[in-house]
């Protein structure tokens, strides 16, 4: 092998390693909004989620969705919300090299409504919670409305937990509402990340730091959220 050939080979290997868009294996990773379909090879339930091992045209792929009675051997389609590499599920005592977080679509045979877990949000009825007390206390609408001024600042917020996603990237992801704001303008709901635990429908006070224009990758962004919050009960 000549020196030129050796250098060309090394350069090609380096580009394939460092440049995802030149590496077919990396380029095949699904992106947010994409539909991944396949045959269900295995299911595992870990409240409030169902883990699915799918046989797709691109190979086997794990996905996690809201709990659903999906049967082994059925066909299932998952709309990708985000893809997480090296995800550790403490409930299953397993680390997934790559896993899709998403929503079931297409009502596969034997599957429950993939949005059934959101029924509590729609049917929750009018909310009117007392504003948190103490320094740096705000309502949901106030934090969203003053997001640019509050960026990187500590805040306290009391709200009702309307959605819970556990153990994603080492944190629990809660959506809080307090009755302030307007759903039509998306000023009524605020995402909070925490290592604490809270149940759906529970009222908590979250104390954390406001971050704006948060980009988690895979097209998943938030205009404002409260990060690393500690939870107390008012």
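Residue numbers (mature numbering (1 follows the signal peptide of the UniProt record, and there is no 0)): -27 to -1, 1 to 207.
The beta carbon of each residue, even a glycine, is placed where N, CA and C say it ideally should be.
Practice task
Within its chain, find whatever has a CB closer than 6 Å to the CB of residue 207; leave out the 5 residues flanking it on each side and keep chain order.
Solution key: The sequence position of residue 207 within the chain shown is 234, counting from 1. So the qualifying residues of the chain are 131 and 178.
Practice task
Spell out the partners DSSP gives residue 138 in its beta bridges.
Solution key: Working through the chain shown from its first residue, we reach residue 138 at position 165. BP columns for residue 138 point to 146.
Problem - For residue 153, the three-state DSSP class (helix, strand or coil) - result: Against the chain shown, residue 153 aligns to sequence position 180. Coil, per DSSP.
Exercise for the section: Answer yes if the region 100 to 111 comes into contact with the region 58 to 75, meaning at least three C-beta pairs across the two stretches below 8 Å, and no otherwise. Expected result: With a cut-off of 8 Å, the region 100 to 111 and the region 58 to 75 do not count as touching, because too few Cβ pairs lie within range.
Problem - Simplified DSSP assignment, three categories, for residue 48 - result: To locate residue 48, count along the chain shown from 1; it is residue 75. If DSSP states are grouped into helix, strand and coil, residue 48 belongs with the strands.
Exercise for the section: Answer with buried or exposed for residue 21, where buried requires no fewer than 16 other C-beta atoms within 10 angstroms of its C-beta. Expected result: Here residue 21 corresponds to residue number 48 of the chain shown, with the count starting at 1. With a 10 Å radius around the Cβ and a threshold of 16 neighbouring Cβ atoms, residue 21 comes out exposed.
Practice task
Assign residue 8 to one of two classes, buried (16 or more other C-beta atoms within 10 Å of its C-beta) or exposed (fewer than that).
Solution key: Here the question's residue 8 lines up with position 35 in the chain shown. Flag for residue 8 reads exposed.
Exercise for the section: Buried or exposed for residue 126, please, with buried defined as at least 16 other CB atoms from any protein chain shown within 10 angstroms of its CB. Expected result: Counted from its first residue, the chain shown places residue 126 at position 153. Taking all protein chains shown into account, residue 126 has fewer than 16 neighbouring C-beta atoms within 10 Å of its C-beta and is therefore exposed.
Exercise for the section: Please state whether DSSP places residue 115 in a helix, a strand or coil. Expected result: The residue labelled residue 115 in the question sits at position 142 within the chain shown. The answer is helix: DSSP assigns residue 115 an H, G or I state.
Exercise for the section: Please report the residue range of the beta strand (DSSP E) in which residue 34 lies. Expected result: In the chain shown, the residue the question calls residue 34 occupies position 61. For residue 34, the uninterrupted beta strand (DSSP E) run begins and ends at 32 to 39, by DSSP.
Practice task
Check each candidate in 6, 36, 176 and 76 and name the one with the smallest Cα separation from residue 100.
Solution key: Taking the first residue of the chain shown as position 1, residue 100 is located at position 127. Out of 6, 36, 176 and 76, 176 has the C-alpha closest to the C-alpha of residue 100.
Exercise for the section: Spatial neighbours of residue 214 within its chain, please: CB distance less than 6 Å, with the 5 preceding and 5 following residues excluded, ordered by chain position. Expected result: Absent from the model: residue 214. The displayed extent of the chain is -27 to 207, so no value can be given.
Practice task
Work out the CA separation of residue 129 and residue 33 for me, nearest whole Å.
Solution key: If you number the chain shown from 1, residue 33 lands on position 60. If you number the chain shown from 1, residue 129 lands on position 156. Counting only the Cα atoms, residue 129 lies some 43 Å from residue 33.
Exercise for the section: Between the Cα of residue 73 and those of 25, 146 and 139, spot the shortest distance and give me the residue it belongs to. Expected result: Position 100 of the chain shown holds residue 73. Comparing alpha-carbon positions, the option among 25, 146 and 139 lying closest to residue 73 turns out to be 25.
Exercise for the section: List the whole-angstrom C-beta distance separating residue 45 from residue 14, where the pair is believed to meet the contact cut-off of C-beta under 8 Å. Expected result: Here residue 45 is taken as the residue at index 72 of the chain shown, counted from 1. Here residue 14 is taken as the residue at index 41 of the chain shown, counted from 1. The pair is a contact, with the Cβ atoms about 7 Å apart (cut-off 8 Å).
Problem - Three-state secondary structure (DSSP) of residue 121 - result: In the chain shown, residue 121 corresponds to position 148, counting from 1. Helix, per DSSP.
Handout entry: Span of the beta strand (DSSP E), counted from its first residue to its last, around residue 12
Key = Counting from one through the chain shown, the residue named residue 12 turns up at place 39. Here the beta strand (DSSP E) through residue 12 covers 8 to 19.
Exercise for the section: Mark residue 133 as exposed unless 16 or more other C-beta atoms lie within 10 angstroms of its C-beta, in which case mark it buried. Expected result: Reading the chain shown from its first residue, position 160 is the one you call residue 133. Residue 133 should be labelled buried.
Problem - Cα-Cα separation, residue 182 to residue 156 - result: Translated into the one-based positions of the chain shown, residue 182 becomes position 209. Translated into the one-based positions of the chain shown, residue 156 becomes position 183. Rounded to whole angstroms, residue 182 to residue 156 spans 23 Å at the Cα level.
Handout entry: Cβ shell of residue 144 (< 7 Å), same chain only, five flanking positions each side left out
Key = Residue mapping note: residue 144 aligns to position 171 of the chain shown, counting from 1. Taking C-beta separations shorter than 7 Å and ignoring five residues to either side along the sequence, the partners of residue 144 in its chain run 166, 167 and 168, following chain order.
Exercise for the section: Compare the C-alpha of residue 122 against each of 43, 19, 11 and 186 and name the closest. Expected result: Counting from one through the chain shown, the residue named residue 122 turns up at place 149. Checking every option, the nearest Cα to that of residue 122 belongs to 186.
Practice task
Go through its chain and collect everything with a Cβ distance to residue 27's Cβ below 8 Å, but skip five positions before and after it.
Solution key: Against the chain shown, residue 27 aligns to sequence position 54. Only 9, 10, 11, 12, 13, 14, 33, 34, 35, 36, 49 and 51 meet the Cβ criterion.
Handout entry: Nonlocal neighbours in the same chain, by C-beta distance under 7 Å from residue 29, ignoring five residues either side
Key = For the purposes of this step, residue 29 is identified with residue 56 of the chain shown, where counting begins at 1. Same-chain partners within the cutoff: 9, 10 and 11.
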